[in-house]
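Asks: Provided herewith is a single structure, encoded as structure tokens, for subsequent inquiry.
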Amino acid sequence: MTSAPAIASAVGTPEQLLVQRACGGDVGSFEELVSAYADRLFSIVLRIVGDRAEAEDVVQETLLRAWRNIGRFQERSMFFTWLYRIAVNEANRALEKRARRGVSVPVDDETVQLAAPAEDGPARQVEHRELRDGLEVAIAGLAPPYRTALVLRDIEGLSTREAAGVAGVGEAAFKSRLHQARMKLRDALGDAALIASVAPNVP
Amino acid sequence: MRRLGRRDAHEWSQRHLSHYVDGDLGRMARRRLEHHAQECPECSRGIRAVRALLRLMHTAVNDLVEPAPPNIFDKVRADVAGTAGETNGQGSQ
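Here the protein sequences come in this chain order: A and B. The C-terminal residue of the first sequence carries number 185 in this note's numbering, and the numbering is unbroken. The C-terminal residue of the second sequence carries number 163 in this note's numbering, and the numbering is unbroken.
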């Protein structure tokens, strides 16, 4: 564990300082470090596993692993990349366990609620709702590696490089998964409905 | 780049619409796709559909980050409490 002089001599961003303190066994610093990413971490896991209770469990397990292994964190990677990668591994492990039990991926109403543009009229709201429902079902129906790629890049907005790092594959392989995932969603939703979703709002 | 027949060009374009939208095609491949899409309503519609899909995912979901529940540190805290207990136990011996 890190000694006190190493902490005292640390010069760097607050995040680096928090990492060092967490390495030294300071759980408060660890919680502060993670808290900056907690909501996004939970969102990613929730969208991959598709179930709130399971997402909570996966995130708790992720943080336990991160806490126990913080000493192995290499500062040449970003902390959030390292953390998200543990989370994606844990989420996929949970999905594999569920697949072995023969349970399908749930799409409960509270899981992946997608917001509708507030300025739309009632008819458009209904259309959006149908499209969003279709999107949720289509995303839930993707095989885990494809869903992970789509969630990290297209939904959470990580760069390709970051997302590939989190998914633990090379950029070319990651891109291949991403393109295939998008094509599956396109097939599921249909070109006409997708194009209509961005068409100007005609009263 | 090999010249493709119309049917092959169509299938190739359909498989590369997402690559095109992301700017992942090289110059020649990009031109091949654009050339084909100019005369193929299905592929030009496909390009618009992929763009719409990306926008849909981006705008619909980015507005809504799910707040993490308050119990996410439970296992870490239990682990710390357990370790502290062991350490104290050893220290008192």
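The beta carbon of each residue, even a glycine, is placed where N, CA and C say it ideally should be. In this text, all values refer to a predicted model and were calculated from it rather than measured experimentally.
Do the region 80 to 91 of chain B and the region 159 to 177 of chain A touch if we need at least three Cβ pairs shorter than 8 Å?
Replies: With the cut-off at 8 Å, the region 80 to 91 of chain B and the region 159 to 177 of chain A touch.
Asks: Tell me which residues of the region 150 to 166 of chain A have at least one Cβ-Cβ distance to chain B shorter than 8 Å, keeping chain order.
Replies: The region 150 to 166 of chain A vs chain B, Cβ under 8 Å: K157, L160, H161, R164 and M165.
Asks: Exposed or buried, which one is Q42 of chain A when buried takes at least 16 other CB atoms within 10 Å?
Replies: Taking the first residue of the first sequence as 1, we reach residue 42 of chain A at position 60. Q42 of chain A is buried by the Cβ-count criterion.
Asks: Taking 8 Å as the threshold (beta carbon to beta carbon), is E136 of chain B in contact with chain A?
Replies: Within the second sequence, the letter at position 66 stands for residue 136 of chain B. At least one chain A Cβ lies under 8 Å of E136 of chain B.
Asks: Output yes if chain B places a C-beta closer than 8 Å to the C-beta of V1 of chain A; else output no.
Replies: In the first sequence, residue 1 of chain A corresponds to position 19, counting from 1. It does not; no Cβ of chain B falls within 8 Å.
Asks: For a contact meaning CB atoms closer than 7 Å, what does S88 of chain B contact in chain A?
Replies: In the second sequence, counting from the first residue as 1, residue 88 of chain B sits at position 18. Going along chain A in sequence order, the residues near S88 of chain B (Cβ under 7 Å) are H161, R164 and M165.
Asks: At 4 residues or longer, and completely inside the region 98 to 181 of chain A: list those alpha helix (DSSP H) runs for me, N to C.
Replies: If we require 4 residues or more, the alpha helix (DSSP H) runs fully inside the region 98 to 181 of chain A come out as 104 to 122, 126 to 132, 142 to 149, 153 to 171 and 173 to 179.
Asks: So which residues on chain B does Q42 of chain A lean against when the C-beta distance must stay under 9 Å?
Replies: Numbered from its first residue, the first sequence carries residue 42 of chain A at position 60. Those within 9 Å of Q42 of chain A in chain B are N141, I142, F143, D144, K145 and V146.
Asks: Quick test of the definition: if touching needs 3 or more C-beta pairs under 8 Å, does the region 6 to 16 of chain A touch the region 106 to 115 of chain B?
Replies: Segments in contact, no.
Asks: Mind listing the chain A neighbours of L95 of chain B? Cutoff is C-beta to C-beta under 9 Å, in chain order.
Replies: Taking the second sequence and counting its residues from 1, the one referred to as residue 95 of chain B is at position 25. In chain order: nothing, as chain A lies at least about 11 Å away.
Asks: Chain B beta carbons: is any one of them nearer than 8 Å to that of G139 of chain A?
Replies: In the first sequence, the residue the question calls residue 139 of chain A occupies position 157. Yes, G139 of chain A lies at the interface with chain B (some Cβ there is under 8 Å from its Cβ).
Asks: With a threshold of 8 Å between beta-carbons, can A119 of chain B be considered close to chain A, or not?
Replies: The sequence position of residue 119 of chain B within the second sequence is 49, counting from 1. So yes, A119 of chain B belongs to the interface.
Asks: Which runs of the beta strand (DSSP E) spanning at least 3 residues fall entirely within the region 30 to 60 of chain A, listed in chain order?
Replies: Here no run is fully enclosed.
Asks: Which bits of chain A does A122 of chain B rub up against, with CB to CB less than 7 Å?
Replies: The residue labelled residue 122 of chain B in the question sits at position 52 within the second sequence. Here the neighbours are L176, I177, S179 and V180.
Asks: State the Cα-Cα distance for the pair A105 of chain A and L103 of chain B, rounded to the nearest angstrom.
Replies: As a position in the first sequence, residue 105 of chain A is number 123, starting the count at 1. As a position in the second sequence, residue 103 of chain B is number 33, starting the count at 1. Distance between the alpha carbons of A105 of chain A and L103 of chain B: 36 Å.
Asks: Taking only beta-carbon atoms, is R168 of chain A less than 8 Å away from chain B?
Replies: The sequence position of residue 168 of chain A within the first sequence is 186, counting from 1. Answer yes: the Cβ-Cβ gap between R168 of chain A and chain B drops below 8 Å somewhere.
Asks: Can you list, in chain order, the residues of its chain whose CB lies under 6 Å from that of S162 of chain B, leaving out five sequence neighbours each side?
Replies: Working through the second sequence from its first residue, we reach residue 162 of chain B at position 92. For S162 of chain B, the predicted structure reports a pLDDT of 38, less than 50, and the residue's modelled location is therefore unreliable. A value from the coordinates is still provided. Correct list: empty, nothing qualifies.
Asks: Determine, using beta-carbon pairs with one atom in the region 28 to 38 of chain A and one in the region 128 to 138 of chain A, whether at least three such pairs fall under 8 Å.
Replies: Short answer: they touch.
Asks: How is L77 of chain A classed by DSSP in three states: helix, strand or coil?
Replies: Indexing the first sequence from 1 puts residue 77 of chain A at position 95. Three-state DSSP puts L77 of chain A in a helix.
Asks: Around the C-beta of N51 of chain A, are 16 or more other C-beta atoms found within 10 angstroms, so that it is buried, or is it exposed?
Replies: Working through the first sequence from its first residue, we reach residue 51 of chain A at position 69. Exposed, because fewer than 16 other Cβ atoms sit within 10 Å of the Cβ of N51 of chain A.
Asks: Against chain A, does L126 of chain B count as a neighbour if the rule is that its beta carbon must be under 8 Å from one of theirs?
Replies: Translated into the one-based positions of the second sequence, residue 126 of chain B becomes position 56. At least one chain A Cβ lies under 8 Å of L126 of chain B.
Asks: In three-state terms, what does DSSP make of D8 of chain A?
Replies: For the purposes of this step, residue 8 of chain A is taken as the residue at position 26 of the first sequence. In the structure shown, D8 of chain A sits in coil (DSSP, three-state: anything other than H, G, I, E or B).
Asks: Is it buried or exposed for R58 of chain A, if we count other Cβ within 10 angstroms and need 16 for buried?
Replies: Walking along the first sequence from the start, residue 58 of chain A turns up at place 76. With fewer than 16 Cβ atoms within 10 Å of its Cβ, R58 of chain A is classed as exposed.
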